[in-house]
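Under the working numbering, read the sequence shown as residues -18 to 299, first letter to last.
The beta carbon of each residue, even a glycine, is placed where N, CA and C say it ideally should be.
It should be emphasised that the depicted structure is a prediction, and the values quoted were computed from it without experimental measurement.
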Amino acid sequence: MSQCTYKGPTGRECAEDAIADQPHCFWHDRNVDKSGDAIKEQLEQRARNEESMEGFELGHANLEDAYLMEADLSYSNLTRANLRDGHLFGINMKGCRLFKSNLERANLKEANLEGTDLLGANLTYTDLERVTWGETLRNHKEAEILDDQGDSIGATAKYVEAEEIYRNIRQRYEAAGTTDIAGGFFYWEMVMKRKQMPFYSVLRFWSRLVDILCGYGELPHRIIGSSAGYIVFNAIVYCLLGLQYGGEIFKFSLDMGFVENVTVFGYSLYFSVVTFTTLGYGDFSPATWARPFAAMEAFNGAFMNALFILAFVKKMTR
């Protein structure tokens, strides 16, 4: 009898015997029915023996209340599988397909779910404490690949899937009270929503601006960086266009020395900070063409200060 020809993404080869006239063994043949009650017992036995179950085809399998703690089910197909009340602590499900699987009340503490497809999965009361997700979800990465290839329709469909999964996970973490983790998934949920908008639309531009400024309220430190950059930019503008003080104009000039120009920039930076943080000009005032920039900075400063307070309070009250 020939050996199973399965070779996984990790390079692991299956040592099981292949089914007669078939290239794969019982576990790696997707055409073999795995819905029987004996499947759960066999998988539990393999888990106890620390045998790898990488790449197993377990679509529609009934694994309710299964004890598969710290088992290796990486890259397996668990489409529409029933894992309700499963004891899956520390399980390795990296790269698994969990499309429309039932994970209700399953214990997935410290599980590895990096690269899994959780589209349509039931996560009601699922314990996701200390789960490893990876940088982004599988559907998110697939969407970016299609986007880079110029397939906008396929990419949009994948962005919709990724948004749904991010939302599903975010709601589970919120229900569990771990809102700090939920905030990270909310951020990616909003990014996926933006990616579905027309590229040159006002809504997409506004969404991108909010992302840059504060990460949709989840990254308040970005406002500090954005504000600092904006203040320095305006300081350069004031330095070039000029400031008034006591009837005298302070302005960058090649005819002045280095120290004098640095002093003018210092005045400009001071004026920019005052204008950004208050509605008045203080002791300096903008000269000629610097006035529109000063008015705009005062308006944007009030907006960004309010945005920072809003994002900071939102983050801290969690």
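Same chain, Cβ closer than 8 Å to residue i, five either side skipped, listed in chain order
i	result
S349	Residue 349 is absent from the model: the chain starts at -18 and stops at 299.
E155	A163
K232	C220, L221, L222, G223, L224, V245 and A268
Beta-carbon contacts of residue i that lie in its chain and below 6 Å, excluding the five residues immediately before and after
i	result
E278	N215, T256 and F257
W8	F37
S266	Q225
R65	E45, N83 and E85
A87	L64, G67, L69 and T107
A157	none
Simplified DSSP assignment, three categories, for residue i
i	result
H68	strand
T256	helix
D129	helix
E241	helix
Q152	helix
I0	coil
T117	coil
K15	coil
F231	strand
Y56	coil
N73	strand
F145	It is worth fixing the name first, because residue 145 is Glu in this sequence and not Phe. In the structure shown, E145 sits in a helix (DSSP, three-state: H, G or I).
E35	coil
N83	strand
Which residues DSSP lists as bridging residue i, in chain order
i	result
D108	N88
S266	Q225
Q(-16)	D(-2)
R78	N58 and D98
Cut-off 7 Å between Cβ atoms - residues of its own chain near residue i, not counting five sequence neighbours on either side
i	result
G101	F80 and K81
L39	K15, S57, N58, L59 and A62
W153	Position check: residue 153 holds Arg in this sequence, whereas Trp was assumed. So the list reads L104, T107 and L109, once near-sequence residues are dropped.
Y248	L224, F231 and F265
I146	L99, L100, L118 and N120
**Item:** Meets three-Cβ-pair contact criterion under 8 Å: the stretch -14 to 6 and the stretch 28 to 43
**Value:** Between the stretch -14 to 6 and the stretch 28 to 43, the count of Cβ pairs shorter than 8 Å is three or higher; the stretches touch.
**Request:** Quick one: which unbroken alpha helix (DSSP H) runs of 4-plus residues sit fully inside the stretch 154 to 226? Chain order, please.
**Result:** Counting only unbroken stretches of 4 or more residues, the alpha helix (DSSP H) elements lying wholly within the stretch 154 to 226 are 160 to 176, 183 to 195 and 202 to 222, in sequence order.
**Message:** So, does the stretch 194 to 201 touch the stretch 290 to 299, judging by three or more C-beta pairs under 8 Å?
**Reply:** By the Cβ test, the stretch 194 to 201 is in contact with the stretch 290 to 299, since at least three Cβ pairs between them sit closer than 8 Å.
**Touch test, the stretch 128 to 145 against the stretch 103 to 115, Cβ-Cβ under 8 Å, three pairs minimum** = The way I'd put it, the stretch 128 to 145 doesn't touch the stretch 103 to 115; fewer than three beta-carbon pairs between them come closer than 8 Å.
**Request:** Would you check if there are 3 or more beta carbon pairs closer than 8 Å linking the stretch 196 to 213 to the stretch 235 to 244?
**Result:** With the cut-off at 8 Å, the stretch 196 to 213 and the stretch 235 to 244 do not touch.
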